[in-house]
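*Asks:* Residue numbers (our numbering), protein chains in the order written: chain A, -9 to 512; chain B, 79 to 307.
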Amino acid sequence: MKVFYGAGLNENQFPHPAEAASGSYNFDLQKDSNYLTPRRPIDLDGTAPNAAEIRGIMQLIKRDDSETTLVQAGNIVYKWNGASTWSAVATAVTSSCRLRDCYWPLDDYMVITDLEKKQPVMKWDATSCVTMTTGLSNSLYAKYAVVHNGRLWLFNIAESSTTIPHMALASAFESATSFDTTRRAVAGSFVTGSEAFYMLTPDLKPINGVVLHQQELVISTEGGRLFKLSGDSTDNYAWLPYYTQSAAIGDEAMVSGGNDVFYMRTGGNIDGLASTDRSGDVAADDLSRWIPNSVSGLTEAIAVYEQDAQRVLFFIADRVLVLYKDLLYGGCLIDEKGEKGRLSPWSIYKTNLDFDFSVSAAKYMRQPGGGGYSVWFGDASGKVYDLNGSGQSGDGGTATVQMTRNLRFLSASTGLDYRKRIPRGRVEYVRVGECDFSIALQFSDEYSESTCAVPLKGTTADGSYFGGPYYFAGTTYFNMGESGERYLSHAGFSHVGKADVVTASFSTDTNIRYQVNHVEFL
Amino acid sequence: MTFLECLNRIFRLNGLIRGDTDALTSFNQTQHNASLTVAKIAVQDELIDLAADRMIDYERTTGTITAVAGTRVYALPTDFRAFEFPWLQNSSTRYLYEYPGGLKQLEIDDPLYLTNGGDPVYWYWDSTTTKQIGLWPFPNGADTLTFRYQQSILVEDSTDVLPFHTDEESYAFAGMAARRFKFLFEDVNNANDIQGILDKDNSYNRYRVTLYNLMRGEQVKDGYGNVYQ
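(1) Kindly indicate if chain B contains any beta-carbon less than 8 Å away from that of ILE502/A.
(2) Any beta carbon from chain B within less than 8 Å of CYS425/A's own beta carbon?
(3) Can you list the residues of chain B that PHE304/A reaches, using a CB-CB cut of under 7 Å?
(4) Return the bridge partner residues of SER428/A from the DSSP annotation.
(5) Note down the Cα distance separating PHE261/B from TYR282/B, rounded to an integer number of angstroms.
(6) For GLY(-4)/A, write down the residues that DSSP places opposite it in a beta bridge.
(7) What does VAL486/A reach in chain B if we use C-beta pairs closer than 7 Å?
(8) Any beta-carbon of chain B closer than 8 Å to the one on VAL(-7)/A?
(9) Alpha carbon to alpha carbon, what distance is there between ALA158/A and SER118/A?
(10) In the DSSP assignment, what residue or residues form a beta bridge with VAL374/A?
(11) Is the beta carbon of ARG150/B less than 8 Å from the beta carbon of GLY212/B?
(12) Going by DSSP, what residue range makes up the beta strand (DSSP E) through LYS69/A?
(13) ARG90/B to ALA129/B, Cα distance in whole Å?
(14) For VAL417/A versus GLN505/A, is the C-beta spacing smaller than 8 Å?
(15) Along the alpha helix (DSSP H) that carries PHE261/B, what are the first and last residues, could you check?
(16) Need the endpoints of the alpha helix (DSSP H) that LEU82/B sits in, please.
(17) Between which two residues does the alpha helix (DSSP H) containing GLU124/B stretch?
(18) What residues in its chain sit with their C-beta under 6 Å from that of GLY46/A, if we drop five residues either side in the sequence?
(19) Is it true that the CB of ASP18/A sits closer than 8 Å to the CB of THR27/A?
(20) So, helix, strand or coil for ASP56/B, using DSSP?
(21) Who are the neighbours of VAL444/A on chain B, taking C-beta pairs under 7 Å?
(22) For MET122/A, which of helix, strand or coil comes out of DSSP?
(23) Using the beta-carbon of each residue, which ones in chain A are nearer than 7 Å to GLY97/B?
(24) Would the stretch 476 to 490 of chain A and the stretch 437 to 447 of chain A be scored as touching if the rule is three or more Cβ pairs under 8 Å?
(25) For ARG398/A, which residues in the same chain have their Cβ closer than 8 Å to its Cβ, ignoring the five residues on either side in sequence?
(26) Can you check whether the C-beta of PHE399/A is within less than 8 Å of a C-beta belonging to chain B?
(27) Which of helix, strand or coil does DSSP assign to ILE47/A?
(28) Using DSSP bridges, identify the partner residues of ILE275/B.
(29) Flag this pair as yes or no: are the beta carbons of LEU50/A and TRP114/A separated by less than 8 Å?
(30) Any beta carbon from chain A within less than 8 Å of ASP265/B's own beta carbon?
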């Protein structure tokens, strides 16, 4: 029996052999691939000078493609170059706020809102970070901001000390500095139709999520419903019911994933809007149906859509839930014949670093000072990490990446009767780096576990030609084809034990990014 | 050849080590958990069978017993397995033979053997939880008794050396053990009688005969009777 790794975590009773059983974490999944590889290490890219909690990460990319990245660490907002250069651009923000960004293209600056509504709406133009002019006499606070139909929209607001969580403000047409909290859309008195206005959620519940999805502006109300905006002028803007039983929770647990909207609802389950829209509230729309244990009881998450990797991340306390869209929609490769199955598209990331993925801000953005895109987040001590690191020394340069992938039970019904034969097998892997690949079998009834540490080889020494690495004065003479880089290799193993039923567990504790193609049990 | 080298040869003969799979360098490696355990058993079983079957040179060694006045029973060395010759030799080069009929007969012949001291003439088995011998009559003076015995040749640690003089002998032995390992390790349709399988196995028997021939230390005669030229 060959075990492939094309599918993700399934915490239900009978996962497919290609799926990872309950307790698995820190493995990556790939479109149209079924090999096992650990997640990338988390790189520590910088530490805020005040070592305060990272509560906001924002980025402005202007029309001229110049980029500035702001990081809120406690009560200071820094401009950060992606490495060790930090310069404070705002030094007296409320330390408990959580700043978020929204690009206003017309005037080429970034609007900054606060999920805690303790910091008035600000703007950053790559030079200064100041409170934004709103046209209102009082300070304006807002949780969310988006640009839609030529206006800047603010959601879940407070004016001065008056909190109006179910209100959305739309700026005047093509003017982000003009708001009006007295004129309501349609009902108000408008002259040109370009004036600013406000709207209230139909169910009068606080707005807890806003996404732009396929040309539509969709909002969620707390434990309530989803609405989409209809209309195109002050005369006809209205919220139309989209889904009345969404019951979304959290402040940042709703995100547009390109082709769908993903959100967490009461109880912690994660739903997709497309299937909900198509099928209603059925089990099939519960995208987290494969990981009921991991999502049970969740009340908050920071959802991030990682566009280039086509995956949606949910940062929750002590882990990250990783949804691979390619696998969700395209199926998982389960064997070597190209067969695919509708299996779990989930992985879970954990870390041995102290912050344990308990974060207050995470953002998919361009690499500060660079060109690639990734996801950055910060911890409580001012450290900013790149989720898709390339370091050779593990998470943060100090902690190895521990990977565990459990396999459902093996028994005579799966063609393996370990009452009669000794458990043994073979690992097929690609030479990347040297590390031990542990295969543990847990034998039922005996209550015993046998672990084989199978050494995976790395690349061999540089080429030796005609008896020496420096023949004709160089290792590259007649090329260096003997390095063994990414050679396909095999290693055998055998376990001590005897039982009707065994479960297997594959694990590593290393900084090496290895690749195991499959494990064959004989 | 060390125990570890022998196991690697067994693994190679059975195809467990080939290609990318490296030879074992330690018994602490867990990669070949089961095969390592089973191969150890195969080697040890073959050695025990060999030692029980005949005396092999590696077993030969000499021991001494320091007789003390008034002490009747003496422990044998911990690696003692059997006497090569059933006698002891005292410092006067006099042989002490085993008491005919052993302890049971001695108790009949000399009911006072526990209290009669003198110059020992015989030895007899008086083992309890360990192998030990008694002297009759028990000594009334100090003496040193020497004897030749078969020591244990069982191997336990990876660096233990197999009890053979040459590589040829060691390889032939590894071949035998490899066949035993094969039938212990592989699926034999739940057959219980591994020795029965081995007895019918040509390869096993060939290795065994080869080993015996090599251990003879002289050329095997290729004919009977006198050769007239």
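Heads up, the beta-carbon is just placed ideally off N, CA and C, and yes, glycines get one too. Model, not experiment: these values are computed from the prediction.
*Replies:* Once the coordinates are examined:
(1) No - not a single Cβ of chain B is within 8 Å of the one on ILE502/A.
(2) no
(3) By Cβ distance, chain B contributes nothing, its closest Cβ being about 37 Å from PHE304/A, past 7 Å.
(4) ALA443/A and SER497/A
(5) 11 Å
(6) Looking at the DSSP assignment, GLY(-4)/A forms no beta bridge with any residue, so it has no partner.
(7) ASN111, ALA112 and THR115
(8) no
(9) Distance between the alpha carbons of SER118/A and ALA158/A: 27 Å.
(10) GLY36/A and GLY368/A
(11) yes
(12) 66 to 70
(13) 25 Å
(14) Against a cut-off of 8 Å, the Cβ pair of GLN505/A and VAL417/A comes out as no contact.
(15) 245 to 263
(16) Residues 81 to 91.
(17) 111 to 131
(18) GLN62, ARG88, LEU89 and ALA351
(19) In this structure, ASP18/A lies closer than 8 Å to THR27/A by Cβ.
(20) An answer regarding residue 56/B cannot be provided, because it is not within the stretch 79 to 307 covered by chain B.
(21) GLN109
(22) When secondary structure is reduced to three states using DSSP, MET122/A falls in the coil class, being assigned neither helix nor strand.
(23) In chain order: HIS480.
(24) As far as the Cβ criterion goes, the stretch 476 to 490 of chain A touches the stretch 437 to 447 of chain A, which means the pair count is three or higher.
(25) PHE4, PRO5, HIS6, PRO7, GLU9, ALA11 and THR493
(26) no
(27) strand
(28) For ILE275/B, which the question treats as bridged, DSSP gives no partner whatsoever.
(29) Yes.
(30) yes
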